[in-house]
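S.K.:
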Amino acid sequence: MRFTNPSVRGPGHDVAGPRARSEHDLVRGTGKYVDALRFDGEAHGCLVRSPLPHARIRRIDSSRAASAPGVLTVITGHDIAATIRPLGCVIGLRSDDGTPRVDADRAVLAVDRVRHVGDGVAFVVADTPHRAATAAALVDVDYEPLPYRSDADSPDMEVPIWADAPDDVCFKWRFGDAPACRELFAAADHVVRISLTSPRLVPYPIEPRAAVGFFDEQTDTMTLLANTQGVHFVRSVLARAFDRDPQRLRVLTPAVGGGFGAKIYAYPEHALVLESARRLRRPVRWTATRSESFLSDTHGRGHVTDAAIALDKDGRFLALSVRPTVDLGAYLSQLAPLTATGVGAPVQAGAYRFQAVEINVRAMFTNNVPVDAFRGAGRPEATYVLERLIDRAARELSFDPAALRARNLPATQTRPLTAATGLVIDGGRFLDNQIRCLDVADRAGFEARRRESAARGRLRGFGFANYLESNGGLQVAEAMRAGAFPVECAALTFSGDGCLDIVVGTQSSGQDHAVPLQQLAAQRLGIDPQHITVREGDSSVAPLGAGTGGSKSLLTSTAALDTALADAVQRGKQVLADKWGVDAGAVSYADGRFLADAAAGEWFSSSIDEVAAHWPGALDGRSEVSLRNGSFANGCHACELEIDPDTGCVTVLRYIAVDDFGRVINEGAVRGQVQGAVAHGIAQALLERAPGCEELMRIAAGGAAAYTPPTACEIPDVEWVDNGLPSTTNVLGAKGCGESGTAAAPPAVMNAIADALQDYPAAAGIQMPARPTVIWKAIHEGG
Numbered sequence: 001m002r003f004t005n006p007s008v009r010g011p012g013h014d015v016a017g018p019r020a021r022s023e024h025d026l027v028r029g030t031g032k033y034v035d036a037l038r039f040d041g042e043a044h045g046c047l048v049r050s051p052l053p054h055a056r057i058r059r060i061d062s063s064r065a066a067s068a069p070g071v072l073t074v075i076t077g078h079d080i081a082a083t084i085r086p087l088g089c090v091i092g093l094r095s096d097d098g099t100p101r102v103d104a105d106r107a108v109l110a111v112d113r114v115r116h117v118g119d120g121v122a123f124v125v126a127d128t129p130h131r132a133a134t135a136a137a138l139v140d141v142d143y144e145p146l147p148y149r150s151d152a153d154s155p156d157m158e159v160p161i162w163a164d165a166p167d168d169v170c171f172k173w174r175f176g177d178a179p180a181c182r183e184l185f186a187a188a189d190h191v192v193r194i195s196l197t198s199p200r201l202v203p204y205p206i207e208p209r210a211a212v213g214f215f216d217e218q219t220d221t222m223t224l225l226a227n228t229q230g231v232h233f234v235r236s237v238l239a240r241a242f243d244r245d246p247q248r249l250r251v252l253t254p255a256v257g258g259g260f261g262a263k264i265y266a267y268p269e270h271a272l273v274l275e276s277a278r279r280l281r282r283p284v285r286w287t288a289t290r291s292e293s294f295l296s297d298t299h300g301r302g303h304v305t306d307a308a309i310a311l312d313k314d315g316r317f318l319a320l321s322v323r324p325t326v327d328l329g330a331y332l333s334q335l336a337p338l339t340a341t342g343v344g345a346p347v348q349a350g351a352y353r354f355q356a357v358e359i360n361v362r363a364m365f366t367n368n369v370p371v372d373a374f375r376g377a378g379r380p381e382a383t384y385v386l387e388r389l390i391d392r393a394a395r396e397l398s399f400d401p402a403a404l405r406a407r408n409l410p411a412t413q414t415r416p417l418t419a420a421t422g423l424v425i426d427g428g429r430f431l432d433n434q435i436r437c438l439d440v441a442d443r444a445g446f447e448a449r450r451r452e453s454a455a456r457g458r459l460r461g462f463g464f465a466n467y468l469e470s471n472g473g474l475q476v477a478e479a480m481r482a483g484a485f486p487v488e489c490a491a492l493t494f495s496g497d498g499c500l501d502i503v504v505g506t507q508s509s510g511q512d513h514a515v516p517l518q519q520l521a522a523q524r525l526g527i528d529p530q531h532i533t534v535r536e537g538d539s540s541v542a543p544l545g546a547g548t549g550g551s552k553s554l555l556t557s558t559a560a561l562d563t564a565l566a567d568a569v570q571r572g573k574q575v576l577a578d579k580w581g582v583d584a585g586a587v588s589y590a591d592g593r594f595l596a597d598a599a600a601g602e603w604f605s606s607s608i609d610e611v612a613a614h615w616p617g618a619l620d621g622r623s624e625v626s627l628r629n630g631s632f633a634n635g636c637h638a639c640e641l642e643i644d645p646d647t648g649c650v651t652v653l654r655y656i657a658v659d660d661f662g663r664v665i666n667e668g669a670v671r672g673q674v675q676g677a678v679a680h681g682i683a684q685a686l687l688e689r690a691p692g693c694e695e696l697m698r699i700a701a702g703g704a705a706a707y708t709p710p711t712a713c714e715i716p717d718v719e720w721v722d723n724g725l726p727s728t729t730n731v732l733g734a735k736g737c738g739e740s741g742t743a744a745a746p747p748a749v750m751n752a753i754a755d756a757l758q759d760y761p762a763a764a765g766i767q768m769p770a771r772p773t774v775i776w777k778a779i780h781e782g783g
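Going by the UniProt record's numbering, the sequence shown opens with residue 1, and the numbers climb by one from there.
(1) My parser needs the alpha helix (DSSP H) runs of 4 or more residues fully inside the region 403-489; what are they?
(2) In this structure, does DSSP put Val-582 in helix, strand or coil?
(3) Whether or not the region 530-540 and the region 252-266 are in contact is what I'm after, with contact meaning three or more pairs of Cβ atoms, one per stretch, closer than 8 Å; do they touch?
(4) Taking buried to mean at least 16 other C-beta atoms within 10 Å of its own C-beta, is Gly-457 buried or exposed?
(5) For Asn-360, which beta-bridge partners are listed by DSSP?
(6) Report all residues from its chain with a CB closer than 7 Å to the CB of residue 805; omit the five preceding and five following residues, and keep chain order.
(7) Does Ala-136 come out as helix, strand or coil in the three-state DSSP assignment?
(8) Let me know if Ala-490 comes out buried or exposed under the rule of 16 or more other beta-carbons within 10 Å of its beta-carbon.
(9) Starting from the Cα of Pro-208, find the closest Cα among Leu-295, Arg-174, Ile-194 and give me that residue.
(10) Please name the residue, chosen from Phe-365, Arg-362, Phe-374, Thr-325, that lies closest to Leu-335 on a Cα-to-Cα basis.
(11) According to DSSP, is Cys-89 part of a helix, a strand, or is it coil?
(12) Going by Cα to Cα distance, which pick from Ala-455, Leu-561, Ala-406, Leu-72 is closest to Thr-493?
(13) For Thr-287, which three-state DSSP category applies?
(14) Give a yes or no on contact between the region 726-742 and the region 464-471, applying the rule of three or more CB pairs nearer than 8 Å.
(15) Go ahead and label His-24 buried or exposed: buried means 16 or more other beta carbons lie within 10 angstroms of its beta carbon, across all protein chains shown.
(16) At 4 residues or longer, what runs of the alpha helix (DSSP H) sit wholly inside the region 606-650?
(17) With DSSP as the reference, label Arg-59 as helix, strand or coil.
(18) In angstroms with no decimal places, state the Cα-to-Cα distance between Thr-711 and Val-503.
(19) Using DSSP bridges, identify the partner residues of Tyr-143.
(20) For Asn-666, which residues from the same chain have a beta carbon less than 7 Å from its beta carbon, with the 5 sequence-adjacent residues on both sides left out?
(21) From Ser-22 to Gly-510, what distance separates their C-alpha atoms?
(22) Determine the direct distance from the alpha carbon of Asp-722 to that of Arg-415, and round the result to whole angstroms.
(23) Would you list the one or two residues that DSSP bridges to Met-222?
(24) Tell me the rounded alpha-carbon separation between Gln-355 and Glu-183.
(25) What did DSSP end up calling Ser-67 once you bin it into helix, strand or coil?
(26) Tell me which same chain residues have a C-beta within less than 8 Å of the C-beta of Lys-777, skipping the five on either side of it?
(27) For residue 787, which residues of its own chain have a beta-carbon under 7 Å away from its beta-carbon, when the five flanking residues on both sides are left out?
(28) Which residue spans inside the region 263-329 form an unbroken alpha helix (DSSP H) run of at least 4?
(29) Have a look at Ile-194, Cys-170, Pro-401 and flag the residue whose alpha-carbon is nearest the alpha-carbon of Asp-755.
(30) Please confirm whether Gly-724 and Val-664 have their CB atoms less than 8 Å apart.
(31) Assuming contact is defined by CB atoms lying nearer than 8 Å, are His-116 and Gly-463 in contact in what I supplied?
(32) Taking the beta strand (DSSP E) that Thr-197 belongs to, which residues open and close that run?
(33) According to DSSP, is Ser-557 part of a helix, a strand, or is it coil?
(34) Which residues bound the alpha helix (DSSP H) around Tyr-384?
(35) For the region 674-686 and the region 739-746, state whether three or more C-beta atom pairs, one from each stretch, are separated by less than 8 Å.
(36) Please identify the residue among Asp-164, Val-202, Arg-290, Val-48 whose C-alpha is closest to the C-alpha of Thr-99.
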């Protein structure tokens, strides 16, 4: 990405809107991260963060810090409590009895109490990063430690995290048909139960969160330069916090540097750099250290779930009951309630034929960093429970896992079908995905490979999982505003030299949005895609946008662009109809040229480039659309692995992904998304768990974060098979692909581990992450 068309200028700085280019620019080192962009006169901010998970603030003395060399200002919670509102949740979810959930908005800086390690208590701004950090260490905070809840299962505390939630329960939420489930469970021939954990994860993007705030006194305009996943959402939350007209708050995003959900939101640091810039009349920068990200970025997952499945004597699924307890953290993040409920619930039963489903969510406050959407956002948790439960049922009831699934999966569907959760799916290759996946993986030859591994003293396992995705962000939009749909815009500007500039409201964070949009425009207009530029990441040039998340960007941006292109052609027809003296209906357009047959038999012709050159602005325009139907990616993933019983180490030998992503537009980008999502899923299964309160206290005290993200040594090349059935819900026939691997990989890997350890009873209790010490203990327990 690069900065073009400078349009925000102030004393000593120049901020320009980003042009979307290939994400390969980032790999080559030519992309621009926020922390790589420098501005004249910029100052640097440093957060003073709580070292404790729960404490009252008795006193804050910032006098030594304020008088330290180079310090420009020190801001505390008391300084801004009356002028900057807390950053609140935008989801209007209520408890199942109709009572409001307990709102726990995150103050920009804590005033009287801190509620997690890393909670901000002061913001020090100085002329250099070193001076800011040095002065921050001089801020003296007198804390009164309080008991803290380290996880959702901790016993109730004498001092609750929030007074309105004495039992630390934020809300309870029910979904499905509970009476029908009770009847089906009572009449079932078999009932199988399981308890599973989806541990908290840290998103860990390439570039930590970073932000630069600007203030233009002449226009009373704030500008935030930050690596967000959607400038419009961040602008909306911040405008409310500052009680400011959104048109006087511009948000810019260049290269995102990886998002994975954590960069969707507005954060306290965004508000602090803006407020500091307003006070100091100069740019103010903040960039998180890698360790600081563990203390301040939203975490993902955090579910402990009890689940049960009811089957008849032939192995047909009857009912599904799922009861998650969810760790929300100390504050209610902006989308957190929906991540725990309405996003995962529609896909909880997958595409399987169940008669009834019930889901009961219990969402708890803890003294952990807030949780919100992380790649997959609720769907990985749902798929993990479903596919692990089905495998457990197959093992306990002596069914073949593939045959049990096949008995309950529909064949390829080209017409809409309704899942047990009420989700209307436009079609998919459900059973065919499984058949193809197991064939490519050579499941039939697995037992011979298992024997070969055993001869070498290794334990070999094979696991697989089916998944169903609901892409498009429909549940998010409706929960934010009843009856709403994700809205996207596309703006077109034609230049006289044959170039087309497209602006959209999504935000590429690795998906390379420009390519499919260029392809669509080139196809519709018959022009060279090399002459088409796509821009995103600027709230001032796109009036609205749904950002990127929920695998919806391609669906919404192409719908908006398709409408804008059709409108541009129609405007061109009208311009030429007036010039040629014919009816607009007599003008046609194909392959880049307008054509009309005059009454006397004379033909008129003009290229779109000629129209743009002779009538500047005549073709330009903007369209806004709402997405009323999402897409439904589906597939089957298989994993084959070996375990060394002497060390407990797991080696993933093969990973096969058979995916129905509809019509694939950019195969290279899709393969990259599959590889990345599977890497996230394998890492969740084998390696990653967010640090808890005690470890975060060590990090806050200066210790290094002990986190184990995957490397190329742990992640094999994914063998990807395209099994797409074109979607009927969007102009390209595509389905979202960016999150599917996070749903399929954890159960596929954990099912393979369970298969490898089937002779060890203690292995039935292994939870993610299945690290070597855990596996070793399961193997050697009891000798």
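Glycine is no exception: its CB is placed at the ideal position from the N, C-alpha and C atoms.
M.R.: Inspection of the coordinates gives the following:
(1) 430-440, 446-455, 474-480
(2) coil
(3) yes
(4) exposed
(5) Arg-174
(6) Here the chain comprises residues numbered 1 to 783, so residue 805 is not present and cannot be evaluated.
(7) helix
(8) buried
(9) Leu-295
(10) Phe-374
(11) coil
(12) Leu-561
(13) strand
(14) yes
(15) Confidence at His-24 is low in this model, with a pLDDT of 48, below 50, so its placement is unreliable and the value that follows should be read with caution. Classification for His-24: exposed.
(16) 608-614
(17) strand
(18) 36 Å
(19) Ile-57
(20) Asp-512, Val-515, Pro-516
(21) Summary for Ser-22: the model assigns pLDDT 45, below 50, so the residue's position carries little reliability, and this model does not support an answer.
(22) 20 Å
(23) Phe-215, Leu-249
(24) 11 Å
(25) coil
(26) Gly-648, Ala-762
(27) Because the chain spans 1 through 783 in this model, residue 787 falls outside it and cannot be assessed.
(28) 268-280, 290-296
(29) Pro-401
(30) yes
(31) no
(32) 190-198
(33) helix
(34) 379-396
(35) yes
(36) Asp-164
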